[in-house]
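In this note's numbering, the protein residues as written are 560 to 654.
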């Protein structure tokens, strides 16, 4: 697995971003456009283990969980292998 966000028409590479002062970061334009995130869009953000998940406010947590589950099933990824990959840091980053 090389990252996953749910827009089938876009690259699924994990994006590496820098955290700036006061915890600010820039969401790559490709992801902002795919999720219709514009200026003043509110995001729901929460911690899932050692990961941070941010969704546009209009997306409900159950919908997000269902979407992640579908992607994992489609790509034959189980939770254990996902967590192991995260622990090993075996992601391929794209600038």
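In this text, a Cβ means the ideal position worked out from N, Cα and C, and glycines have one as well.
These figures come from a predicted structure and were not determined experimentally.
Where residue 639 is concerned, the enclosing alpha helix (DSSP H) starts and stops at 638 to 647. At a Cβ-Cβ threshold of 8 Å, residue 616 and residue 603 count as neighbours.
Of all alpha-carbon atoms in 606, 645, 614, 609, the one lying nearest the alpha-carbon of residue 593 is that of 614. The three-state reading of DSSP puts residue 616 in coil, since its state is none of H, G, I, E or B.
The alpha carbon of residue 605 has as its nearest neighbour, out of 624, 642, 630, the alpha carbon of 624. Within its own chain, the residues whose Cβ lies closer than 6 Å to the Cβ of residue 587, once the five positions on either side in sequence are excluded, are 574, listed in chain order. When secondary structure is reduced to three states using DSSP, residue 598 falls in the coil class, being assigned neither helix nor strand.
Where residue 590 is concerned, the enclosing alpha helix (DSSP H) starts and stops at 588 to 593.
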